[in-house]
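Each residue of the sequence shown is one higher than the one before, starting from 0 at the first, in numbering that gives the first Met the number 0.
Some notes on the structure that comes next.
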Amino acid sequence: MTFFGGYLEPIPEYDPEGLDPKHCFFIYDSTGEVKPCKDVELFKQVLTFKKSLNWQIKQWVEGYDWCLMGVDEYISMLKDPPEWVYKAFRNQLKQRWRKQCLK
Numbered sequence: 000m001t002f003f004g005g006y007l008e009p010i011p012e013y014d015p016e017g018l019d020p021k022h023c024f025f026i027y028d029s030t031g032e033v034k035p036c037k038d039v040e041l042f043k044q045v046l047t048f049k050k051s052l053n054w055q056i057k058q059w060v061e062g063y064d065w066c067l068m069g070v071d072e073y074i075s076m077l078k079d080p081p082e083w084v085y086k087a088f089r090n091q092l093k094q095r096w097r098k099q100c101l102k
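In structure tokens:
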């Protein structure tokens, strides 16, 4: 288990003729399909970063839900984050509120 609370998987097979890590990750992130990759270590680093950032967003949502800080204060911790970070934060918050409302 890693510090983000999960396991680092899936790990693609190494293939010198496979896709570069950027394309392997894009395909995995958008479709869930794992393709053979030229640089498995770089793929693992990008996957670790993405899972870590998603875990951090989850922590921010819990802090926001506990009224510790506002959305803009959390987002300002990152310098010019991509739009998906905003969307992920808001989606996590909606999911958390739905779970609380359905109890």
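Just so you know, even glycine gets a beta-carbon here, dropped at the ideal spot from N, CA and C.
- When DSSP reads this structure, Cys-36 sits in a beta bridge with Leu-18.
- Judged by DSSP secondary structure, Tyr-6 falls outside any alpha helix (DSSP H); it is assigned neither H nor E.
- Where Lys-93 is concerned, the enclosing alpha helix (DSSP H) starts and stops at 82-100.
- Three or more Cβ pairs closer than 8 Å define a contact, and the segment 36-49 meets that threshold against the segment 7-25.
- Taking 8 Å as the cut-off, the beta carbon of Trp-54 is found no closer than this to the beta carbon of Phe-88.
- Looking at the DSSP output, Tyr-13 sits in a beta bridge with Cys-36.
- Taking C-beta atoms as the reference points, Pro-11 and Phe-42 count as a pair closer than 8 Å.
- Close CB contacts of Leu-7 within its chain, under the 7 Å cut and outside five residues either way in sequence, are with Thr-1, Lys-43, Leu-46 and Thr-47 (chain order).
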